[in-house]
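**Q** Throughout the sequence shown, residue numbering follows the UniProt record's numbering, covering 1 to 186 in sequence.
Virtual Cβ for every residue (Gly too), placed ideally from N, Cα, C.
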Amino acid sequence: MSPDPKRPKVVKHCPDGHEMQMTWRTCPQCTGQEPELITNFRGNADATVMFTPDKAPLRPVEPPAEAAPPPRPKIKVWELAVTSGPRKGERIELGFLPGARPLRIGKAPKADPAQRHEKFEDSFMSREHVVFMPMGEAWLLQDLQSTNGTAVNGEKCEESWLRPGDEVRAGQSIFKVELVEKDAPQ
């Protein structure tokens, strides 16, 4: 005998809301085992089926939570921390290698679109004092024939390869070379 399409389908649910066959006493989804059967089941003919909201509450289906975006990759960026002089406490980003542009420092550095410039109100600094040049994976410091010279780690020099931790003196200003980890640009 096929079910009458005009009659509503009788559906049974466990307390957690899983659909069950009428002959099951236990829910296989909840127990993880074969369902326990009702031994004296007589079908729907004379059975009264009650649905109580407190036993099987309807729960709205919630969309899956959005996954957090993956963390941005980190890059190492070369910076100058100004530890002495008129701009003490400032940080100047040299940039990350390769791809950074040269940085020229002085009292009145010349405008050059291929380079970045930092002006210092330091009376012991020359107009064009020093340039920091990116060279492959490192930075090269070049003194620009300044009047008072440039020193790296206390030694006067015209040119020096820089490493993290080096101290550069130009005029009254002292810069500490640092390699800082930052989020990569988007």
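When we look at the beta-carbon of glycine 171 and count the other beta-carbons within 10 Å, is it buried (16 or more) or exposed?
**A** Looking at its Cβ environment, which holds 16 or more other Cβ atoms inside 10 Å, glycine 171 is buried.
**Q** Return the first residue and the last residue of the alpha helix (DSSP H) that threonine 31 is part of.
**A** Its alpha helix (DSSP H) spans residues 28 to 31.
**Q** What number of angstroms, rounded off, separates the C-alpha of tryptophan 24 from the C-alpha of proline 64?
**A** If I take the Cα positions, the gap works out to 31 Å.
**Q** State the Cα-Cα distance for the pair glycine 86 and serine 123, rounded to the nearest angstrom.
**A** Here residue 86 turns out to be proline, not glycine, going by the sequence shown. So the two alpha carbons sit approximately 10 Å from each other.
**Q** Is the beta carbon of arginine 127 less than 9 Å from the beta carbon of histidine 117?
**A** Cβ distance not < 9 Å, so arginine 127 and histidine 117 don't count as in contact.
**Q** Measure the beta-carbon distance from threonine 150 to valine 168 and round it to whole angstroms, keeping in mind my assumption that it falls under 8 Å.
**A** So it is a contact: roughly 7 Å between Cβ atoms.
**Q** Please state the DSSP three-state secondary structure of residue 246.
**A** Residue 246 lies beyond the stretch modelled for the chain, which goes from 1 to 186, so this question has no answer here.
**Q** For glutamate 181, does the three-state DSSP call read helix, strand or coil?
**A** DSSP places glutamate 181 in strand when its eight states are reduced to three.
**Q** In terms of residues, what are the limits of the beta strand (DSSP E) holding residue 260?
**A** The structure shown does not extend to residue 260, since the chain spans only 1 to 186, so no value can be given for it.
**Q** By DSSP, does aspartate 122 sit in helix, in strand, or in coil?
**A** In the structure shown, aspartate 122 sits in coil (DSSP, three-state: anything other than H, G, I, E or B).
**Q** Alanine 138 to glutamate 93, Cα distance in whole Å?
**A** For alanine 138 and glutamate 93, the distance between alpha carbons rounds to 14 Å.
**Q** Could you tell me if leucine 37 is buried or exposed, where buried requires 16 or more neighbouring beta carbons within 10 angstroms of its beta carbon?
**A** It counts as exposed.
**Q** How is valine 82 classed by DSSP in three states: helix, strand or coil?
**A** Here valine 82 sits in strand by DSSP.
**Q** Look at the alpha carbon of proline 28 and the alpha carbon of glutamate 62, and state the distance between them as a whole number of angstroms.
**A** Looking at the two C-alpha atoms, the distance is approximately 23 Å.
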